[in-house]
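In the numbering used here, the protein residues as written are 171 to 510. Heads up, the thing below is written out as structure tokens.
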């Protein structure tokens with residue numbers, strides 16, 4: 171790999187990281203505005219015009235809060251927990267194709283940081299590692315409520331990862347590849363996988379809600395039973411890392427669903443655009459529009475549906491989602507054999 175390509179990839183990684191963190195910050199603002207809309211309120215409107223500086227005020231508050239570690243906590247694991255949660259959340263976006271290519275300053279930049287042929291497997295593997303950040307943080311706090319929250323979160327995420335993986339297997343069977351770039355390329359125009367895998371999409375979406383600990387699956391942070399859950403003992407930017415990682419996970423989950431089920435950057439009439447710069451910009455805009463739609467649905471559900479009991483959550487995961495995902499996988503295999 172030549173130095174110019176390494177420099178290009180480094181710049182792309184830096185831009186993607188900053189954009190991801192910026193989006194995660196403003197998702198907190200969006201969440202409050204959506205909640206206000208649902209509840210007939212105004213929402214944040216004091217910090218800047220329309221409250222647009224509210225995420226900066228929140229970040230400043232977290233940054234300047236007192237940083238403490240409980241006396242009986244495992245110090246290094248206590249620090250390692252939020253670090254793992256944040257790192258695993260941010261590096262999953264490396265294999266997301268945001269478009270095909272974009273000519274800039276005489277160079278053609280590929281709009282994907284890492285084009286690996288096992289992109290789907292990479293994301294599932296990194297998501298699995300993210301469980302350790304939550305479990306380590308809850309255990310290292312030496313707080314029973316935090317430990318219970320961490321156990322709940324780990325059991326919930328592991329349970330719903332199974333259904334999510336089975337739903338993705340059906341897509342892999344159809345496309346014949348683990349590469350996200352190839353999966354997106356096989357959905358030109360409006361030929362999206364959601365029309366062939368409606369049940370798989372519903373299963374994946376429900377599992378994404380559970381993986382991101384979003385309502386109605388926010389049992390690990392159920393304040394009526396567990397105070398703040400696994401991050402009860404955290405403050406300042408350690409708490410900020412946990413909160414940010416949830417929003418980054420929601421952003422990446424939305425991007426993955428857009429790629430796998432809604433054609434990613436594809437849109438009708440894309441082949442008619444001859445200007446490569448305009449095409450690259452439109453692809454990025456379409457991709458982010460689809461992500462924004464999913465994020466709005468995430469927030470809409472939070473302020474609409476009540477929280478499950480924990481036994482209901484596990485019953486849904488093991489006795490409903492997994493059988494449905496297995497049925498969907500078998501039905502996809504039978505359809506491929508019959509109509510191939």
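All C-beta atoms, glycine included, are put in the ideal place defined by N, C-alpha and C. Keep in mind that this is a model prediction, so the values were computed, not measured.
Remark: C-beta atoms of residue 385 and residue 471 approach each other more closely than 8 Å. DSSP, reduced to helix, strand and coil, places residue 297 within a helical segment of the structure shown. Contact between the segment 397–411 and the segment 354–364 is absent, with fewer than three C-beta pairs closer than 8 Å. Under the DSSP definition of a beta bridge, residue 482 lacks any partner. In the structure shown, residue 273 adopts extended strand secondary structure according to DSSP, grouped into three states. Residue 450 and residue 271 have their C-alpha atoms spaced approximately 6 Å apart. In terms of Cβ geometry, residue 310 and residue 248 form a close pair [threshold 8 Å].
Annotated as distal: residue 348 and residue 265, with beta-carbon spacing of 8 Å or more. Cβ contact annotation for residue 262 (same chain, cutoff 6 Å, sequence separation greater than five): 293, 296, 422, in chain order. About 5 Å separates the Cβ atoms of residue 454 and residue 269, confirming a contact at the 8 Å cut-off.
Rounded to the nearest angstrom, the Cβ distance from residue 419 to residue 323 is 12 Å, too far for a contact under 8 Å. Between residue 178 and residue 279, the CB-CB gap stays under 8 Å. Contact between the segment 199–208 and the segment 178–187 is absent: fewer than three C-beta pairs spanning the two stretches fall below 8 Å.
For residue 245, the closest alpha carbon among the candidates 187, 404, 473 is that of 404. The alpha-carbon separation between residue 299 and residue 335 amounts to approximately 15 Å. Nearest to residue 260 by alpha-carbon distance, out of 316, 374, 193, 480, is 193. Selection 339, 344, 251, 503 evaluated against residue 304 yields 251 as nearest (Cα-Cα). Our two residues, residue 364 and residue 341, have alpha carbons roughly 10 Å apart in a direct line. Residue 278 is bridged by DSSP to 273. For the pair residue 218 and residue 212, the Cα-to-Cα distance works out to about 14 Å. Straight across, the Cα-Cα distance linking residue 388 with residue 228 is about 22 Å. Under the three-state reduction of DSSP output, residue 368 falls in the helix class.
Residue 277 and residue 493 have their C-alpha atoms roughly 49 Å apart.
Minimum Cα-Cα distance from residue 417 among the listed residues 176, 173, 199 corresponds to 199. The C-alpha of residue 467 lies about 18 Å from the C-alpha of residue 478. For residue 382, there is no enclosing alpha helix (DSSP H), as DSSP marks it with neither H nor E. CA-to-CA, the gap between residue 483 and residue 500 works out to about 25 Å. In this structure, residue 427 and residue 378 form a Cβ contact; the two beta carbons are roughly 7 Å apart against a cut-off of 8 Å. Counting only runs that start and end inside the segment 288–345, there is no beta strand (DSSP E) element of at least 3 residues. Just so you know, the alpha carbons of residue 331 and residue 275 end up roughly 42 Å apart. A straight line joining the alpha-carbon of residue 414 with that of residue 307 spans about 15 Å.
The three-state secondary structure of residue 406, taken from DSSP, is helix. In the DSSP annotation of this structure, residue 438 is not part of any alpha helix (DSSP H), being labelled neither H nor E.
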